[in-house]
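Residue numbers (my numbering), protein chains in the order written: chain R, 1 to 418; chain U, 1 to 300.
So, in structure tokens, the structure goes:
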């Protein structure tokens with residue numbers, strides 16, 4: 001009953017928002033009178049001040065249709081997933097996907113024509129997971145990535161150099177741990193959530209192979225994941241911090257000497273620590289290993305249940321393909337993201353020096369994006385196993401065997417549906 | 001006249017019936033229907049799969065594991081809350097001064113939301129760093145800070161989950177017990193005293209508890225149903241942006257991720273919900289039979 005009550009409330013609140021915003025649009029900018037086409041565009045709530053005003057400015061500048069922006073706080077992925085089942089959802093929405101099930105379920109429109117001619121200008125690592133059987137279903141807006149922040153002074157005091165391999169990371173974390181400061185913060189769950197497939201890529205493996213098989217059915221996987229257990233067992237990890245990994249607070253407050261966090265934390269870290277920090281990719285492990293950083297992009301997608309699909313596509317093309325000035329503004333003026341367009345990323349002065357330049361280099365050289373075929377079911381199976389390996393000391397080989405079985409079944413399911 | 005009565009019956013009952021049908025029975029039946037279909041990202045599926053969803057749900061060790069979690073939790077929280085709220089009621093009932101004060105103080109937490117309480121427990125009392133309340137206490141005894149919610153060996157997270165629910169619930173059930181206690185005829189105690197029963201255990205065992213039977217049955221039933229519906233404090237204590245850890249994951253939380261999360265496997269989620277509903281129905285009916293709910297003390 002809890003769920004249905006919750007959903008009901010959510011739906012009620014959603015309807016409320018829709019009504020309120022509809023009123024707002026009628027009384028406010030209704031005079032824009034643009035042939036009567038009205039489009040609803042959804043964004044998740046960005047933390048940085050100014051972003052909401054910016055996207056509303058872009059929408060207002062579009063003359064061919066009347067675009068209403070909805071800024072949606074809360075669990076955005078679930079809101080969109082639920083809204084796509086109905087006719088009252090958005091026409092255009094940003095999505096951390098779209099997911100394979102959304103594409104296969106024909107919930108989102110094919111946007112391949114929109115990027116014709118400029119497809120090569122989009123960062124291929126983030127465009128790939130939005131592409132299914134050669135068709136593009138989401139247009140990358142900006143790139144986000146994650147990396148390891150470390151405090152130079154604390155490392156120097158402990159006589160530790162920035163780790164270049166996973167073994168060095170484990171040792172460094174142990175040596176940096178004291179009564180007051182922990183060596184490393186990988187999130188309050190011990191790393192199972194945020195690291196995901198990153199250690200596998202650092203071991204030279206992958207989540208899903210080119211031909212759609214589980215990419216970590218290999219003894220190296222168990223070896224690498226077993227090392228994460230050592231971090232936990234040696235009590236080098238910070239756990240139970242008031243703010244989780246995505247927030248640099250634990251690092252800034254000196255609760256930890258190293259922290260895994262996102263590019264978005266960089267301005268704040270820079271402001272508070274000045275030069276006393278550095279950034280690293282997740283270090284390589286084993287002979288076939290190479291450093292890795294996860295990259296991802298929110299993409300603009302068009303709902304297949306919208307009333308004005310063609311108008312919506314035209315708008316998406318205008319904003320996320322043609323108006324590079326807005327794209328640049330969106331990526332760089334508020335939060336801290338890398339533009340999804342290579343040409344824009346190259347131009348950005350902010351990304352040419354210091355840790356930001358390192359981050360861009362990691363993204364180009366070591367970036368991997370979660371494959372489209374890596375579905376939530378696979379993700380849950382893998383993440384559960386990783387948590388058990390790290391926290392309970394479960395045998396990595398046995399755990400991985402189960403995961404490979406579940407993931408293979410899931411991959412079979414998705415590759416056999418048309 | 002008769003027609004008028006019928007009309008008025010529907011005027012009063014109609015809106016509720018419609019609401020109940022629309023928001024409870026239709027979704028319920030719809031969900032049962034979905035459980036027989038492959039319903040990825042759709043509520044109007046076309047691909048009938050029979051009992052496949054049930055089979056894969058019952059074979060899913062994460063789901064069966066969550067059922068176990070939930071039994072352990074119920075087996076623990078029900079007797080503990082029961083004993084604590086009964087003890088509180090007995091104590092508060094004997095207080096002679098500031099009765100209203102004590103009653104309100106113990107009842108107040110019942111007015112707090114699960115979400116708020118869970119966040120306070122998670123972020124200030126039981127956070128894992130050295131300045132959390134629990135860890136500050138440990139620090140006085142020179143013990144290392146404990147990451148309460150992240151440690152699986154020993155499973156400290158149960159301490160957090162159980163205490164938050166106890167704090168929230170005990171006051172409410174205390175009030176129920178108090179009401180029961182006040183219905184007991186003082187003559188019984190006087191008679192017992194005349195017969196030489198010493199106040200304390202003997203009186204409690206032979207007079208108070210038997211007289212509280214009806215209240216106790218209701219409390220036990222409510223506690224079990226509440227435990228079965230546990231979601232809020234688990235979700236708010238343990239979930240993060242990346243999901244939920246594989247421990248202390250009750251079935252509702254697991255189904256929430258399967259059906260309503262990015263998984264959007266509504267068929268599988270519905271199958272799980274039906275299984276869960278059946279279990280709850282069987283347990284509740286069994287318990288009601290066993291405890292002879294609805295009979296008065298006189299029926300024995």
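Glycine residues also receive a C-beta, built at the ideal position from the N, C-alpha and C atoms.
Just so it is clear, the structure is predicted and the values come from calculations on it, not from any experiment.
Chain-ordered neighbours of residue i on chain U, where CB pairs are closer than 8 angstroms
{"i": "residue 130 of chain R", "result": "Simply none; closest approach about 15 angstroms."}
{"i": "residue 144 of chain R", "result": "Chain U residues near residue 144 of chain R: none, gap ~13 angstroms exceeds 8 angstroms."}
Where the beta strand (DSSP E) containing residue i begins and where it ends
{"i": "residue 141 of chain R", "result": "139 to 150"}
{"i": "residue 258 of chain R", "result": "256 to 262"}
{"i": "residue 186 of chain U", "result": "Run containing residue 186 of chain U: none in the beta strand (DSSP E); it sits in the alpha helix (DSSP H), 186 to 194."}
{"i": "residue 242 of chain U", "result": "No beta strand (DSSP E) holds residue 242 of chain U; DSSP gives it neither H nor E."}
{"i": "residue 48 of chain R", "result": "Segment: none, residue 48 of chain R is in no beta strand (DSSP E) and carries neither H nor E."}
Status (buried if at least 16 other CB within 10 Å, exposed otherwise) for residue i
{"i": "residue 189 of chain R", "result": "buried"}
{"i": "residue 290 of chain U", "result": "exposed"}
{"i": "residue 145 of chain R", "result": "buried"}
{"i": "residue 333 of chain R", "result": "exposed"}
{"i": "residue 122 of chain U", "result": "buried"}
{"i": "residue 318 of chain R", "result": "buried"}
{"i": "residue 25 of chain U", "result": "exposed"}
{"i": "residue 135 of chain U", "result": "buried"}
{"i": "residue 366 of chain R", "result": "buried"}
{"i": "residue 66 of chain R", "result": "buried"}
Span of the alpha helix (DSSP H) around residue i
{"i": "residue 396 of chain R", "result": "396 to 416"}
{"i": "residue 182 of chain R", "result": "First-last for residue 182 of chain R: 182 to 185, but that is the beta strand (DSSP E), not the alpha helix (DSSP H)."}
{"i": "residue 82 of chain U", "result": "61 to 94"}
{"i": "residue 53 of chain R", "result": "51 to 61"}
{"i": "residue 115 of chain U", "result": "114 to 120"}
{"i": "residue 162 of chain U", "result": "157 to 182"}
{"i": "residue 10 of chain U", "result": "2 to 20"}
{"i": "residue 174 of chain R", "result": "166 to 176"}
{"i": "residue 315 of chain R", "result": "309 to 317"}
Chain R residues whose Cβ lies nearer than 8 angstroms to that of residue i
{"i": "residue 148 of chain U", "result": "240"}
{"i": "residue 137 of chain U", "result": "Those do not exist, as residue 137 of chain U stays about 15 angstroms from chain R at its closest Cβ, beyond 8 angstroms."}
{"i": "residue 123 of chain U", "result": "242"}
{"i": "residue 243 of chain U", "result": "193, 379, 380, 383"}
{"i": "residue 128 of chain U", "result": "188, 238, 239, 240, 241"}
Cα-Cα separation between residue i and residue j, rounded to whole angstroms
{"i": "residue 97 of chain U", "j": "residue 139 of chain U", "result": "37 angstroms"}
{"i": "residue 203 of chain U", "j": "residue 210 of chain U", "result": "10 angstroms"}
{"i": "residue 44 of chain U", "j": "residue 88 of chain R", "result": "16 angstroms"}
{"i": "residue 34 of chain U", "j": "residue 257 of chain U", "result": "17 angstroms"}
{"i": "residue 253 of chain R", "j": "residue 265 of chain R", "result": "14 angstroms"}
{"i": "residue 94 of chain U", "j": "residue 183 of chain R", "result": "54 angstroms"}
{"i": "residue 362 of chain R", "j": "residue 327 of chain R", "result": "22 angstroms"}
{"i": "residue 284 of chain R", "j": "residue 225 of chain R", "result": "12 angstroms"}
{"i": "residue 41 of chain U", "j": "residue 194 of chain R", "result": "25 angstroms"}
{"i": "residue 216 of chain R", "j": "residue 151 of chain U", "result": "27 angstroms"}
{"i": "residue 282 of chain U", "j": "residue 288 of chain U", "result": "10 angstroms"}
{"i": "residue 387 of chain R", "j": "residue 196 of chain R", "result": "10 angstroms"}
{"i": "residue 178 of chain U", "j": "residue 107 of chain U", "result": "11 angstroms"}
{"i": "residue 184 of chain U", "j": "residue 47 of chain R", "result": "59 angstroms"}
{"i": "residue 205 of chain U", "j": "residue 116 of chain U", "result": "38 angstroms"}
{"i": "residue 181 of chain R", "j": "residue 251 of chain R", "result": "10 angstroms"}
{"i": "residue 277 of chain R", "j": "residue 346 of chain R", "result": "24 angstroms"}
{"i": "residue 413 of chain R", "j": "residue 124 of chain R", "result": "26 angstroms"}
{"i": "residue 217 of chain U", "j": "residue 176 of chain U", "result": "11 angstroms"}
Within chain R, partners of residue i - CB distance below 7 angstroms
{"i": "residue 215 of chain U", "result": "None at all; the shortest Cβ gap to chain R is about 24 angstroms."}
Interface residues of chain U facing residue i [CB-CB closer than 9 angstroms]
{"i": "residue 77 of chain R", "result": "261, 262"}
{"i": "residue 263 of chain R", "result": "Ordered by position in chain U, no residue passes the 9 angstroms Cβ test against residue 263 of chain R, which lies about 16 angstroms from the chain."}
Closer than 7 angstroms at the beta carbon, the chain U residues around residue i
{"i": "residue 391 of chain R", "result": "152"}
{"i": "residue 388 of chain R", "result": "246"}
Per-residue contacts from residue i into chain R (C-beta, under 9 angstroms)
{"i": "residue 62 of chain U", "result": "380, 381, 384"}
{"i": "residue 42 of chain U", "result": "85, 105, 107"}
| query | When the Cβ atoms of the segment 70 to 90 of chain U are set against those of the segment 168 to 179 of chain U, are three or more pairs found closer than 8 angstroms? | reply | yes
| message | Within 8 angstroms, do at least three Cβ pairs link the segment 255 to 273 of chain R to the segment 145 to 164 of chain R? | response | yes
| request: Pair every Cβ in the segment 105 to 117 of chain R with every Cβ in the segment 64 to 75 of chain U, then say whether three or more of these pairs are closer than 8 angstroms. | output: no
| query | Below 8 angstroms, can you find three or more Cβ-Cβ pairs linking the segment 398 to 414 of chain R to the segment 376 to 386 of chain R? | reply | yes
| query | Three or more beta-carbon pairs under 8 angstroms between the segment 13 to 33 of chain U and the segment 235 to 253 of chain U, yes or no? | reply | no
| said: I want to know whether the segment 216 to 236 of chain R touches the segment 164 to 184 of chain R - three or more CB-CB distances under 8 angstroms. | reply: yes
| Inter-stretch contact (C-beta, 8 angstroms, three-pair minimum) for the segment 131 to 139 of chain R and the segment 91 to 103 of chain R | yes
| request: Please confirm if the segment 232 to 244 of chain U is in contact with the segment 44 to 61 of chain R, defined as three or more CB-CB distances below 8 angstroms between the two stretches. | output: no
| query | So, do the segment 289 to 298 of chain R and the segment 198 to 214 of chain R have three or more beta carbon pairs nearer to each other than 8 angstroms? | reply | yes
| task | Take every Cβ of the segment 80 to 96 of chain R, pair it with every Cβ of the segment 298 to 306 of chain R, and state whether three or more of those distances are shorter than 8 angstroms. | result | yes
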